[in-house]
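Chemist:
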Amino acid sequence: MEIKCRCGDKCIKPVSEVLKDIELFYKPCRDCKTEKIRKFSPLAEQINLDEIDNRFGNCKCGKRQLDIVMAHVLKVMIDEGIKDKKANLRNACVPLITPGYLTDYVPFLPENSLVILSSEMNKECAERVIKEVPEVKGVLKGDARKTVGIKDSDSSPHIYELLAGCDLRCDIIQTPYGALGIYKYQHEIHIEFPQVHSPKIEILEKALKDYNNPSVLDCTCGPGSLGITCLKAGAQKVVFNDIWNPAIETTLINLEANGFPVKLSGSKQGLIASGDKFEVYSMDIRELANFLDEKFDICIVDTFPGVDTTEFIEAAGKLGKKVVVI
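Mapping of the sequence shown onto the numbering used here: position 262 corresponds to residue 265, and the numbering continues sequentially without gaps.
#1: Using 10 angstroms around the beta-carbon of Asp296, count the other beta-carbons present and answer buried if the total reaches 16, otherwise exposed.
#2: Are three or more beta carbon pairs between the region 174-182 and the region 227-238 nearer than 8 Å?
#3: Could you tell me the alpha carbon to alpha carbon distance between Glu290 and Val328, rounded to whole angstroms?
#4: Report yes if the CB atom of Val109 is closer than 9 Å to the CB atom of Val142, and no otherwise.
#5: Can you say whether Pro308 is buried or exposed, counting buried as having 16 or more other CB atoms within 10 angstroms of its CB?
#6: How would you call Val199, buried or exposed, if buried means at least 16 neighbouring beta carbons within 10 angstroms?
#7: Go ahead and label Glu252 buried or exposed: buried means 16 or more other beta carbons lie within 10 angstroms of its beta carbon, across all protein chains shown.
#8: I need the DSSP call for Val21, collapsed to helix, strand or coil.
#9: Could you check the C-alpha separation between Lys187 and Leu99 for me, to the nearest Å?
#10: Tell me, please, which residues DSSP counts as bridged to Arg172.
#11: Using 8 Å for Cβ pairs, my map puts Arg67 next to Glu138. What's the rounded Cβ distance?
#12: Using a 10 Å radius around the Cβ and a threshold of 16 neighbouring Cβ atoms, would you call Gln272 buried or exposed?
#13: Please report how far the alpha carbon of Asp174 lies from the alpha carbon of Asn257, in whole angstroms.
#14: Look at Pro202 and Asp300 and say whether their C-beta atoms are less than 9 Å apart.
#15: Taking the alpha helix (DSSP H) that Asn248 falls in, what are its first and last residues?
#16: If I follow the unbroken beta strand (DSSP E) through Asp107, where does it start and stop?
#17: Out of Asn94, Glu130, Lys134 and Pro102, which has the shortest C-alpha to C-alpha gap to Ser122?
#18: Keeping to the same chain, check which residues put their C-beta closer than 8 Å to that of Glu135; ignore five residues upstream and five downstream.
#19: Just mark Asp311 as buried or exposed, buried being the case when its beta carbon has 16 or more other beta carbons within 10 Å.
#20: Opposite Lys266 in the DSSP bridges: which residues?
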């Protein structure tokens, strides 16, 4: 399957290419500038806002410290009347770097390596940010406290609004079986921040240790992180399923990007795509048992925080020997 970003640019790369020199991606060079900005103090009291432009804090290597980039974004928001002059970096917006890779220092950003999320942003301001702040590739409007996606076929979906640019991000997830790169159109797929040890991966690892080459059903696969982890762990077969179409789209992207070629299907009812050792479906988990006539060793249930998993577990129990709630 050929994969292209919706924006038409070359945003999607093989994960092996993304991981190459990833430790250096956000590292400053010896000439990079560090600006000490107090995050809880008004920006206008620390820096003359008229001095902030795309040259402010810039280095010949093309990177700027994240705090400097955020100061530039906030300056534009103040200019546009979105924020007042008492605004500080902490209440400006949510910065989402891409690739999402955990560092033990404030990252220094190259061009097109940041998506920002703000509940106050408007289209005019967003377009100006994209035009004037080279590190920002996409601007979203939404509340970070609200999870993006859909619970089941009886629920209404919730998404953020993409105001300008492209919001495709790649999160790097460390697993015992190798690192994954998980792409997401961030206005459609829930935000996850990089961690040294992912609690979800740790739970899955414990379940996988009980089997040799298990068959796995990822009942609510989202962008495919857990199911792809199972493939990398040597599962004999993985079935991905999610009712949310954007999740399925990104699962297909992530399978291809992580080295698992995808073949689209137009034959078997409910089947979206398949490949070596995997199939991809898109339906309510409560209906999936009507389409699958096999019993899986492990069924993974990974729902939104706070969701009652009773129905999910009951449906998964019809399809698998062991239900793992993550």
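All C-beta atoms in this analysis are idealised placements derived from N, C-alpha and C, irrespective of residue type, glycine included.
Modeler: Well, looking at it:
#1: Counting from 1 along the sequence shown, the entry for residue 296 is found at position 293. Asp296 is exposed by the Cβ-count criterion.
#2: Between the region 174-182 and the region 227-238 there are three or more inter-stretch CB-CB distances shorter than 8 Å, so the stretches are counted as touching.
#3: Along the sequence shown, read from residue 1 onward, the residue named residue 290 stands at position 287. Along the sequence shown, read from residue 1 onward, the residue named residue 328 stands at position 325. Approximately 19 Å, taken between the alpha carbons.
#4: Taking the first residue of the sequence shown as position 1, residue 109 is located at position 106. Taking the first residue of the sequence shown as position 1, residue 142 is located at position 139. Val109 is not a Cβ neighbour of Val142, given a cutoff of 9 Å.
#5: The count along the sequence shown starts at 1 and reaches residue 308 at position 305. Classification for Pro308: exposed.
#6: Counting from one through the sequence shown, the residue named residue 199 turns up at place 196. With fewer than 16 other Cβ atoms within 10 Å, it is exposed.
#7: Walking along the sequence shown from the start, residue 252 turns up at place 249. Result: buried.
#8: Along the sequence shown, one-based indexing puts residue 21 at 18. The three-state secondary structure of Val21, taken from DSSP, is helix.
#9: Position 184 of the sequence shown, counted from the start, is the residue given in the question as residue 187. Position 96 of the sequence shown, counted from the start, is the residue given in the question as residue 99. Rounded to whole angstroms, Lys187 to Leu99 spans 12 Å at the Cα level.
#10: Position 169 of the sequence shown, counting from 1, holds the residue named residue 172. For Arg172, which the question treats as bridged, DSSP gives the partners Lys187.
#11: Reading the sequence shown from its first residue, position 64 is the one you call residue 67. Reading the sequence shown from its first residue, position 135 is the one you call residue 138. Indeed, because the Cβ distance is near 6 Å, the residues count as touching under 8 Å.
#12: For the purposes of this step, residue 272 is identified with residue 269 of the sequence shown, where counting begins at 1. With fewer than 16 other Cβ atoms from the protein chains shown falling within 10 Å of its own Cβ, Gln272 counts as exposed.
#13: Along the sequence shown, one-based indexing puts residue 174 at 171. Along the sequence shown, one-based indexing puts residue 257 at 254. Answer to the nearest angstrom: the Cα atoms are 11 Å apart.
#14: One-based indexing of the sequence shown puts residue 202 at position 199. One-based indexing of the sequence shown puts residue 300 at position 297. No; because the gap between Cβ atoms is not below 9 Å, this pair is not in contact.
#15: Counted from its first residue, the sequence shown places residue 248 at position 245. Membership of Asn248 in the alpha helix (DSSP H) is indicated by the continuous run Asn248 to Ala260.
#16: Stepping through the sequence shown from its first residue, residue 107 is reached at position 104. It is not in any beta strand (DSSP E) - Asp107 carries neither H nor E in the DSSP assignment.
#17: Walking along the sequence shown from the start, residue 122 turns up at place 119. Looking at the Cα atoms, Asn94 is the closest of the given residues.
#18: Working through the sequence shown from its first residue, we reach residue 135 at position 132. Asp56, Asn57, His75 and Val79.
#19: Here residue 311 refers to the residue found at position 308 of the sequence shown. Exposed is the call here.
#20: On the sequence shown, residue 266 is found 263 positions in, with the first residue counted as 1. DSSP, once it has assigned bridges, lists Ser277 as partnering Lys266.
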